[in-house]
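Asks:
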Amino acid sequence: MPAVSNRPGITGTLLVIGAVTVQLLLEVTLGRVFRAPNVLALVLTYLSINYGNVWSIDSAFWAGVTLDLLLHQPLGASSLGLLAGLQASRLLIAAAPGGNRMTIVLSGAFAGLVYDVVFLLAASRPFLHGLGSHVLPVAARLLMTLVAGILFISVATALSSLRVRGRNEAV
Amino acid sequence: MPSRKGLPRGSGRFWKYSLASLLLLILGPTLLGGVGSWAAARFADLVLGHNSKRDSEELRTQIVELMLENASLREQAMKADRYRLLLGWTRVSSRRAIAARVLYRTEGLISGTMVVDRGSDDGVSVNSICLAPDGLVGVVTSCGEATSEILPLTSPQVRVSCTTRPSGAMGMLQFERGSLRIMNIDPTLDAKPGDEVVTSRFGGVYPDGLLIGTVVSVDESGSSLALSATVTPAVDFESLGEVIILLKDSTDAGRIE
């Protein structure tokens with residue numbers, strides 16, 4: 036699935052703001068670290084596929100900084116993780132033979148996985164000493180992200196179908 | 054989508070933002086701590102109109118004022134404690150009493166007098182009794198309108214009829230040969246060191262039961278058969294600051310020799 040370079044406009048901005056808000060609420064209510072699906076990684080992967088890398092990289096950085104500030108995490112850890120996750124998902128997409136809806140979900144989940152590992156390393160004190168028993172919840176979070184991604188894609192597909200059907204009926 | 058240099062589009066931006074994230078990670082605590090606090094203080098100055106330098110000067114002035122006030126209150130509390138002790142003495146007496154401050158002493162500590170800031174305007178009269186929390190101080194010998202002169206027990210002119218407790222030996226207390234002594238003690242009564250010396254009911258001027266001091270030694274009184282005892286006064290005459298004066302009863306009768 037090749038990346039498309041177009042301007043996302045207000046929709047993309049709102050999508051990122053919404054994703055940051057949802058991620059914040061999920062982490063605040065369900066638990067600070069690795070207890071909520073990584074919605075932000077999914078959305079950023081979606082943006083990367085639909086609107087190109089440039090815009091999604093900008094979004095990843097600022098969304099990460101915002102999330103770190105709001106959740107009182109080490110500043111820069113989330114943005115570094117999101118950037119690494121995006122880069123990893125881009126490599127995965129480039130290596131994938133063909134693209135379908137599940138590619139977004141899988142690459143989003145992969146981006147989330149990379150994000151978690153990088154975040155653990157970056158946010159740990161002493162620096163880069165975060166691996167160990169802390170890695171275990173990452174697997175559960177990966178599953179939650181996959182489920183959230185499938186749900187997201189299913190709802191989006193259903194909405195698209197309804198819109199297309201409505202347009203056809205109008206014609 | 055490859056860029057002109059062969060790198061994928063957004064690669065430069067990725068590295069740039071990654072570097073920025075790393076810098077934030079390293080400098081974040083400093084930024085949020087030092088610079089953040091500084092920015093917050095400037096913001097507060099701007100929005101709330103606070104001037105931190107002026108505020109700190111005002112606070113420093115307030116601290117000094119409060120320190121001074123605290124010192125004054127402490128002094129007043131000490132005085133209040135002392136007056137409370139003095140009033141505790143008078144609670145057992147039906148006689149009216151007033152507190153007084155020692156203004157100065159005359160002619161040395163031993164043979165001299167003490168001048169207090171209460172006089173005839175306050176009801177003080179000659180032969181009024183002067184007390185301290187520790188015991189009997191002396192007697193008023195002269196009275197002005199606003200001041201009175203007190204002759205302490207350590208003056209050779211003062212004689213007090215006293216008794217020892219628990220032995221019950223009676224005698225006349227007077228200052229002699231550099232110390233307070235009880236003269237003419239009946240040798241059959243077993244006065245001994247450690248006995249308390251209090252005023253007796255035969256004094257006339259002094260109400261009975263006022264503590265004078267403690268017997269430190271009992272000696273033969275010269276050629277006579279009577280004994281004498283050396284007494285340490287209960288009151289530290291050198292450090293007297295506040296005293297209480299028992300105003301004279303109309304029924305009181307007595308004299309100072």
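These protein sequence lines are chains A and B, in that order. Mapping the first sequence onto the numbering used here, position 96 (from 1) lands on 131, and the numbers just tick up by one. Mapping the second sequence onto the numbering used here, position 187 (from 1) lands on 240, and the numbers just tick up by one. The beta-carbon is built from N, C-alpha and C at its ideal position, and this holds for glycine as well.
Should the segment 226 to 234 of chain B be called in touch with the segment 175 to 194 of chain B, which here means at least 3 C-beta pairs below 8 Å?
Replies: These segments do not touch.
Asks: Let me check understanding here. Comparing Cα to Cα, which of B:Gly221, B:Arg95, B:Leu233 and B:Gly188 lies closest to B:Gln210?
Replies: Nearest of B:Gly221, B:Arg95, B:Leu233 and B:Gly188 to B:Gln210, Cα basis: B:Leu233.
Asks: Taking beta-carbon pairs under 7 Å, can you tell me which members of the segment 109 to 127 of chain A lie near chain B?
Replies: Under the 7 Å Cβ criterion, the segment 109 to 127 of chain A contributes Pro109, Leu110, Gly111, Ala112, Ser114, Leu115, Leu118 and Gln122.
Asks: For the segment 174 to 235 of chain B, list the beta strand (DSSP E) runs that are entirely contained and at least 3 residues long, ordered along the chain.
Replies: Taking only runs of at least 3 residues, the beta strand (DSSP E) segments lying wholly in the segment 174 to 235 of chain B are 182 to 185, 188 to 196, 201 to 205, 212 to 218 and 223 to 229.
Asks: Return the chain-ordered list of same chain residues with a C-beta closer than 6 Å to the C-beta of A:Phe96, the five sequence neighbours on each side being excluded.
Replies: Around A:Phe96: Ser114.
Asks: For the beta strand (DSSP E) holding B:Ser270, just list the boundary residues, first then last.
Replies: B:Ser270 -> beta strand (DSSP E) spans Leu264 to Glu273.
Asks: Buried or exposed for A:Tyr81, going by 16 or more other Cβ atoms inside 10 Å?
Replies: That one is buried.
Asks: Indicate the three-state DSSP secondary structure (helix, strand or coil) for B:Tyr259 in the structure shown.
Replies: Reduced to three states, the DSSP call for B:Tyr259 is coil.
Asks: Taking Cβ-Cβ distances shorter than 8 Å, what residues in chain B pair up with A:Phe96?
Replies: Going along chain B in sequence order, the residues near A:Phe96 (Cβ under 8 Å) are Tyr70, Ala73 and Ser74.
Asks: Is the shortest distance between the beta-carbon of B:Phe67 and the beta-carbons of chain A less than 9 Å?
Replies: Chain A contact via Cβ: present.
Asks: Tell me where the alpha helix (DSSP H) around A:Glu204 begins and ends.
Replies: Start and end: Leu171 to Ala205.
Asks: Would you mind stating whether A:Val89 and A:Leu50 have Cβ atoms separated by less than 9 Å?
Replies: It is not a contact, given that the beta carbons lie outside the stated cut-off.
Asks: Pull up the CB-CB distance for B:Ser181 and B:Lys301, whole angstroms please, since I reckon it's below 8 Å.
Replies: Confirmed, about 5 Å.
Asks: May I have the straight-line CA-CA distance separating B:Val269 from B:Ile203, to the nearest angstrom?
Replies: Taking the straight line from one Cα to the other gives about 26 Å.
Asks: Between the segment 96 to 128 of chain B and chain A, which residues of the former have CB atoms less than 7 Å from a CB of the latter, in chain order?
Replies: Residues: none.
Asks: With B:Ser281 as the anchor, note down where its beta strand (DSSP E) starts and where it stops.
Replies: Taken as a continuous stretch (DSSP letters only), the beta strand (DSSP E) holding B:Ser281 covers Leu280 to Pro286.
Asks: Between A:Leu127, A:Ala131 and A:Thr48, which lies nearest to A:Tyr86 when the distance is taken from Cα to Cα?
Replies: Taking only the C-alpha atoms, the option nearest A:Tyr86 is A:Thr48.
Asks: By Cβ distance, which residues of its chain are closer than 8 Å to B:Gly294, with the 5 residues on each side in sequence left out?
Replies: Hits under 8 Å: Arg135, Arg154 and Val155.
Asks: For B:Gly81, go through chain A and note every residue whose CB falls closer than 7 Å to its CB, in chain order.
Replies: Within 7 Å Cβ-Cβ: Pro109, Leu110 and Gly111.
Asks: Quick one: does A:Asn88 have its CB under 9 Å from some CB of chain B?
Replies: Output row for A:Asn88: interface = yes.
Asks: Nearest-angstrom Cα distance between B:Gly221 and B:Ile116?
Replies: Cα to Cα, the separation comes out at about 59 Å.
Asks: Quick test of the definition: if touching needs 3 or more C-beta pairs under 8 Å, does the segment 131 to 151 of chain A touch the segment 76 to 90 of chain B?
Replies: No, the segment 131 to 151 of chain A is not in contact with the segment 76 to 90 of chain B.
Asks: Hey, quick one: how far does the alpha helix (DSSP H) through A:Leu166 stretch, first residue to last?
Replies: Looking at the DSSP string, A:Leu166 is not in any alpha helix (DSSP H), and its letter there is neither H nor E.
Asks: Can you list, in chain order, the residues of the segment 136 to 166 of chain A whose Cβ is nearer than 7 Å to any Cβ on chain B?
Replies: If the cut-off is 7 Å between Cβ atoms, the segment 136 to 166 of chain A has Ala157 near chain B.
Asks: If you draw a straight line from the C-alpha of A:Gly201 to the C-alpha of A:Ser195, how long is it?
Replies: Straight-line Cα distance between these residues: approximately 10 Å.
Asks: By Cβ distance, which residues of its chain are closer than 6 Å to B:Thr16, with the 5 residues on each side in sequence left out?
Replies: Residue 16 of chain B lies beyond the stretch modelled for chain B, which goes from 54 to 310, so this question has no answer here.
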